[in-house]
Amino acid sequence: MFVWTVLLIVLMAVIAYWAGRTHAAGLVTAGGARLHSLPSYHGLFTAAGAMIGGLALAIAGALVFGAQSFFTPVAAVLGAAIGAAPLYARSSLDFRARNNFERIVLVLLIACSGVAILTTIGIVFSVLFETLVFFRSVSPIEFLFGTHWSPTGTPASFGFIPLLAGTLLITVIAIAVAGPLGLFSAIFMAEYASPRLRTFLKPVLEILAGIPTVVLGFFAALTVAPLIRGSGEAMGFSVASESALAAGLVMGMMIVPLISSLSDDIINAVPQTLRDGSYAMGATKSETIKKVVLPAALPGIVSAFMLAISRAVGETMIVVMAAGLAANLTANPLAAVTTITVQIATLLVGDQEFDSPKTLSAFALGFVLFFFTLVLNYIALRIVQKYREQYD
Amino acid sequence: MNAPVHHQTLVTPAHPKALASGQFKVTARDVDVYYGEKQAIKDLSIDIPDRSVSAFIGPSGCGKSTFLRCINRMNDTIPTCRVTGDIKVDGNDIYDPNIDVVQLRAKVGMVFQKPNPFPKSIYENVAYGPRIHGLATNKTELDEIVEKSLRKAGLWEEVKDRLQHPGTGLSGGQQQRLCIARAIAVNPEVILMDEPCSALDPIATARIEELIDELRQNYCIVIVTHSMQQAARVSQLTAFFHLGTLVEYGDTDEMFTAPQEKRTQDYITGRFG
Amino acid sequence: MTEVRNELVKKRYAAERRFKFYGAAALTLTALFLAALLVDVIIKGIPAFHETSVEIDVKVDPADVDPANLPGGNYDKMIKEAFRAEFPEVTGRAEKKALTGLLSTGGADSLRSMVTADPSIIGKTVTVPVLLGDDADLFLKGLLTEQKTVPGKATLHIARLEGEEGFVLTGDTTGEAAEKQLGLTPGDIVRFKGGAVRVTGVQNGYLKADPVLPPDPSVSMLDAGQWDVVSFSVPEANRRINDNQALWLDQLKSEGRVKNSFSWRFFEAGDSREPELAGIRGALIGSLLTVLVALSLALPLGIAAAVYLEEFAPKNKWTDLIEVNINNLAAVPSIIFGLLGLAVFLNFFGLPRSAPLVGGLVLALLVLPTIIIASRAALKAVPPSITEAALGVGASKQQAVFQHVLPLALPGIMTGTILGLARAFGETAPLLMIGMVAFIADIPQGFTSAATVLPVQVFLWSDLPEMAFKAKTAAAIIVLLVVLFALNAVAIYLRKRFERRW
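Take a look at the structure:
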């Protein structure tokens, strides 16, 4: 019935278009006054009426009779006729069909750009609502400051600190890898690489950036982790098979293109005059970069790092596949830790019970994650904007 | 820059032909234009006769382009721009809320500083306007309009064999004539030209100037120019703008030989500008 | 003074070189990582594109096939019986089970389709390619253990121990240790025509051995070259194919009956618990449906939003808010969108779980900011003179935008959209939240039937214990990457082809 309803509305709109167009064209008499708007605009305006009326009554029909009812398409056709008829009747020589139609289009465009706002509202409300339900059974104090996480244990405990520690541990490792690599890559690309070398190097970074995280997770879990475990044990360390190091390393490599491309942009935005000033005093290229370019680009680079941190904290697949589930409170990179995203994924994959704190805790974690990354992103984007304005 | 504030209620050209017709195509009264807080035009009034070329001259930033863009409301595209006062075309207030700006611009066409043909074929460039205004009911009529417009713009002989070639492939001067053809195609009564030759070489410029002189027979043409020689060559009337005010408007020959205002004199003789 | 200066200049140049080296090293490391990743995946994945089957002569027994119900015949039984008949010496229950265990549980499918296609073969004997199980497949590809076969260098005497199951092996010379004469160590398998024994230990200069394939009792002496020493790098206890099975497979292989062919099944089958039967068609179709939903929503919405924000929106608090919002949404972790999908689409609107429809909705919201940002950039790149030209001949703002600016921006918008599409195609985390991780063997039939997508299939397979699934995972990754590279190539082509310098 859904398909039929949609098809019928479209059909009615086509008929309305044709009728409106023909009607308007018929108003013109040879040698007489001209139409204000082209006949096709009269058609479009009438068709828009048919669409709006048809959709409105179809939705109403679906609510009253049920979506599968035979009456829904009937209501749609009726609605289309009711919507189109007055608009059809309005067309006259002076009628501004184009202006009216364009007003409808504008409203439609505004509505589309409102979807972004709706999405944010949707996210906030969906996590907030379930989080509040969660806090009815678990106190926020226990959640935020508890040091024991075991949502499936008896009794279940929901201390968020070990997850935070695990997330931060992996993030620190990732940034320790991606920071220097990304920044030096960007400096090399922006300041040293010849255009030919750039055309070869840029795709490398772009391909790496485009690799799905599930692939990186596979690589981390099946290749990097055994490698680290093997070499670690050869050196006499005890290494967990799902070590924070493996996940962190691969995540770091994932973030290299992000830091590198953001920093590249920022470094390129530093005006050439600043560099020339430094060269003119006899500074070498690296001295100019270290003493002039980087300090000038610092705000942008800081924001690149913030976006990178936000990316690392929110990354899911690599840690789900390569980091563990054990909520250990440790700073040892060779031990297994778990992260916020791992727990969200684990708690919500499989059976979900929206009356148990186990499932709801995932939303509380999501809430924390969302606001943490939101703040980081907001500040970072603000800094970039300020920075751009400074040199524009 | 401490010129006395120059209040004038009306500058009427002393052009005999215009006076004789007694009919002005464009009239403006007490027009003020603001960009945000900044006032770009102060208290401007002018009467522009039909079937003549009026040149707007003056130093950069004097408001001549701004005023030109007010006449077909192209300033509407600048969000911070605000226009007060009266501007009438054929006695109709163009800033009246009931005026459809689209129909106004069909009546008051415009040619821009840099030739800006659409990246489409030559034919499509000219046919676009007639099409959106519904000026042709069939292909033959449209073809006729295109040919007529290109002929009027003096471009027909050069392009008649390659109407389907992209308009952007023409030379700069041809592109500008294409833009003029495009403007003519919708049967405007007024054609505004915003420094139409500033991006062209002298030969192309001469060709456009000839064209402007021919078009004068049928249209009211207003041209903004930086070149006083050009103003002297193509226009019958010249308006001198300075610091957002209209200093003087009158017969071109008189203006260049015996300006009434000292500032005009100074500008024309090259003391500033 | 100049000495000191020179010293300093040298130092400065050294620092310069060091600094440049760091940059080059960083990029080299990154490139190496990418290369290692790709090579690793390719090496792991290539074997999964081939499957092995064994040709068996099967008599299609009319008693087991009902002509009215051809697909329902008991082909499994026929195949198993025919396979056992090839190895008449295998008698024990456990051995028989080990023998038929080499075949895939889906091995009878080929016979079924042969009979269904041509019922006239009922009652006749036909040669059927029967798919091998995953372990046999891996063994034959050499992925389970390395196998070394060395021809025997000396004469071997073999004798049955009285009253015991075992055998003793000796060389020609008495008194010298047999292991030295024969070059055998415990664990080695001695294979000869008509049987095979496994060396178990040394005793008094003899070698003790257990039967693997019970030897022909008539054999008592084998000359050099008549027997082989077979050894495996992985001990029997640590591999999923035992010595018997390994030797059977070896025998079939030496008879030339093992066929290695391209695994179309990998692209034609849905998911399965049996690695050799599992394919990615279900996941591919699921991905296609999901991305289709995402695209058909995100593209019009994204373009409309971008057109409004870039061309029509007044500069005010409201549009500022939308802008900040879009930029932030582009950086929100994808898993959060999964939570949104779960709470809003599944719980609130009651849409079906695991459905491409819901997956598409979630991905549409996920890539919407990317598409809007790219579209705005493309619209911004169209010079304002085009709009002015259109307005100048009396086009309305909307006519100028929709008839001139938008068509010119379209290649740029498409490039951005394809990149967004690639992101949606590789996205996993949010789809886990809305139940697209279930085991689904069927190929999805529509937008609301349960489905999974390719990246999630990768995640699911990577978690399974069977070794064969590791290869399947890598193979699925190769397919995923090929699709993504193709999408990117199209984007680059579009950018190069339609790039316009104003």
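In the order they appear, the protein sequences are chains A, B and C.
Just so we're aligned: 1199 in the working numbering is position 122 of the first sequence, and the numbers increase by one with no gaps anywhere.
Just so we're aligned: 150 in the working numbering is position 1 of the second sequence, and the numbers increase by one with no gaps anywhere.
Just so we're aligned: 290 in the working numbering is position 302 of the third sequence, and the numbers increase by one with no gaps anywhere.
Here a beta-carbon is modelled for each residue, glycine too, at the ideal position from N, C-alpha and C.
Remember, predicted model here, so these are calculated numbers, not experimental data.
For V190/C, the enclosing beta strand (DSSP E) has its first and last residue at 183 to 191.
For G318/B, no Cβ of chain C is located within less than 7 angstroms of the residue's own Cβ. Counting C-beta pairs closer than 8 angstroms gives three or more between the region 261 to 279 of chain B and the region 369 to 386 of chain C, which meets the contact rule. Taking 9 angstroms as the cut-off between beta carbons, the residues of the region 369 to 381 of chain C near chain B are P371, P372, S373, I374, T375, E376, A377, A378, L379, G380, V381, in sequence order. With a cutoff of 7 angstroms on beta-carbon distance, P139/C and D259/C are scored as not near each other. Straight-line measurement puts the Cα of S251/C at about 37 angstroms from the Cα of V1333/A. With 16 or more neighbouring CB atoms inside 10 Å of its own CB, A189/B falls in the buried class. Within the region 299 to 310 of chain C, P302, K303 place their CB atoms closer than 9 angstroms to a CB of chain B, listed in sequence order. Residue-level contact check: K8/C touches chain A, since one or more beta carbons of chain A fall below 7 angstroms from its beta carbon. A straight-line Cα-Cα distance of about 18 angstroms links L1134/A and I1092/A.
Between V182/B and chain C, the shortest Cβ-Cβ separation is not below 7 angstroms. Contact with chain C is found for R254/B, since one of that chain's Cβ atoms lies less than 7 angstroms from the residue's Cβ.
Any Cβ of chain B closer than 7 angstroms to the Cβ of L1115/A would place that residue at the interface, and such an atom is present.
Three or more pairs of CB atoms, one per stretch, sit closer than 8 angstroms, so the region 34 to 43 of chain C contacts the region 118 to 135 of chain C. Collapsing the DSSP output to three states places G303/B in coil.
At a cut-off of 7 angstroms, the C-beta of P139/C has no neighbouring C-beta in chain A.
When C-beta distances to chain A are compared with 9 angstroms, every residue of the region 223 to 246 of chain B stays at or above that value. At a C-beta separation below 8 angstroms, L1112/A has these neighbours in chain B: G283. Taking every protein chain shown into account, the CB of Y481/C has fewer than 16 other CB atoms within 10 angstroms, so this residue is exposed. As a beta-bridge residue in DSSP terms, V373/B pairs with F205/B, D343/B. Within the DSSP secondary-structure output, P198/B pairs in a beta bridge with F173/B. Assigned with DSSP and collapsed to three states, E77/C falls in coil, not helix or strand. Counted as a single uninterrupted DSSP element, the stretch harbouring M259/B is not any alpha helix (DSSP H) but the beta strand (DSSP E) occupying residues 257 to 260.
Per DSSP, the unbroken beta strand (DSSP E) holding C230/B starts and ends at 230 to 238. In chain B, no part has a C-beta under 9 angstroms from the C-beta of L482/C; the shortest such distance is about 17 angstroms.
Residue pairing by DSSP places V1091/A in no beta bridge whatsoever. The region 1395 to 1403 of chain A makes no contact with the region 1354 to 1367 of chain A, as fewer than three CB pairs between them are under 8 angstroms. Within the same chain, and ignoring the five residues on either side of E415/C in sequence, the residues whose Cβ sits closer than 8 angstroms to its Cβ are S322, L351, L354, P443. Here I1194/A is actually not in contact with Y296/C; their C-beta atoms are around 13 angstroms apart, not less than 8 angstroms. Using beta-carbon distances, V332/C counts as an interface residue toward chain A, with a partner under 7 angstroms.
When rounded, the separation of the alpha-carbon atoms in N315/C and A397/C is 21 angstroms.
For S1438/A, the three-state secondary structure derived from DSSP is helix. For the pair I1421/A and A1321/A, the CB atoms are not nearer than the 7 angstroms cut-off. Interface annotation for the region 359 to 382 of chain B against chain C: empty, criterion Cβ-Cβ distance under 8 angstroms.
Against chain B, the beta carbon of N1345/A has no neighbour under 7 angstroms; the closest one sits roughly 28 angstroms away. Straight across, the Cα-Cα distance linking G1143/A with L285/C is about 25 angstroms.
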